[in-house]
Amino acid sequence: MEISSLANHSSAVGTVANWHYEAWGREDGISREVLHRSLTQSLAGESFPYTYLALMDGQPIGSAQLKLREMKEFPALTHWLGSVYVAESARGAGVAQALVSHVAAEARHHGVEKLYLQTEDLFGGLYSRCGWVALTQAKSHGREVLIMERRLGPHS
Numbered sequence: 348m349e350i351s352s353l354a355n356h357s358s359a360v361g362t363v364a365n366w367h368y369e370a371w372g373r374e375d376g377i378s379r380e381v382l383h384r385s386l387t388q389s390l391a392g393e394s395f396p397y398t399y400l401a402l403m404d405g406q407p408i409g410s411a412q413l414k415l416r417e418m419k420e421f422p423a424l425t426h427w428l429g430s431v432y433v434a435e436s437a438r439g440a441g442v443a444q445a446l447v448s449h450v451a452a453e454a455r456h457h458g459v460e461k462l463y464l465q466t467e468d469l470f471g472g473l474y475s476r477c478g479w480v481a482l483t484q485a486k487s488h489g490r491e492v493l494i495m496e497r498r499l500g501p502h503s
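Below, the structure is given as structure tokens:
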């Protein structure tokens, strides 16, 4: 498995936009076109969000993003891991964990000291196993979510 910037695989934008639509956009009223446009605009790689793609034999199998201020309810929480998605055929093979670790390393590279996420798994699931700590519960798009934090030291 390889993890690379979506900017290096622009032909996968449609696939990632479809994943995001099916996972979150449809329920939240965000169209495929809006998601596609947002991902296309991020390809320059000069500002947030940064999108990373997991590939197996050159085919996209998952993605994750490093974002700014994902939840307006928490403006002081700056950098976020978000949009972690793994294709059904690749689930259970460690892809999500690899993406989470990669985004944390990229955040550290950008000088980020703390990274945040929201998950509908109120026990933290994968993220707890990867060293994330629960901060609080909140509502996001009408759903109860757990806000988690990971401190990014030089060796975390």
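Letter 109 of the sequence shown, counting from 1, is numbered 456 in the working numbering, and no numbers are missing. Note that the Cβ used here is the ideal one computed from N, Cα and C, for glycine as well. As the structure is a prediction and not an experimental result, all values here were calculated from the model.
Under three-state DSSP, which class holds residue i?
i    : result
H367 : helix
S378 : coil
L499 : coil
Assuming residue i contacts residue j (C-beta within less than 8 Å), just tell me the rounded distance between them.
i    : j    : result
Y432 : L413 : At roughly 14 Å, the Cβ-Cβ gap does not stay under 8 Å, so Y432 and L413 are not in contact.
E460 : L499 : 6 Å
L446 : Y399 : 6 Å
L415 : L390 : So it is not a contact: roughly 17 Å between Cβ atoms.
Would you tell me roughly how many angstroms separate the C-alpha atoms of residue i and residue j, rounded to the nearest one?
i    : j    : result
E349 : R490 : 33 Å
P422 : Y474 : 22 Å
V360 : L469 : 30 Å
I408 : L482 : 30 Å
S351 : E435 : 20 Å
Y524 : T387 : Outside the modelled stretch of the chain, which goes from 348 to 503, sits residue 524, for which no answer is possible.
Sorted by chain position, which residues of the same chain lie with C-beta nearer than 6 Å to residue i's C-beta, five sequence neighbours on each side aside?
i    : result
M418 : none
W366 : Y432
Give every residue of the same chain whose Cβ lies closer than 8 Å to the Cβ of residue i, excluding the five residues on either side of it in the sequence, and list them in chain order.
i    : result
E374 : H488
As an exercise, report each continuous alpha helix (DSSP H) stretch of at least 4 residues that is fully enclosed by the region 393–469, in chain order.
442–456
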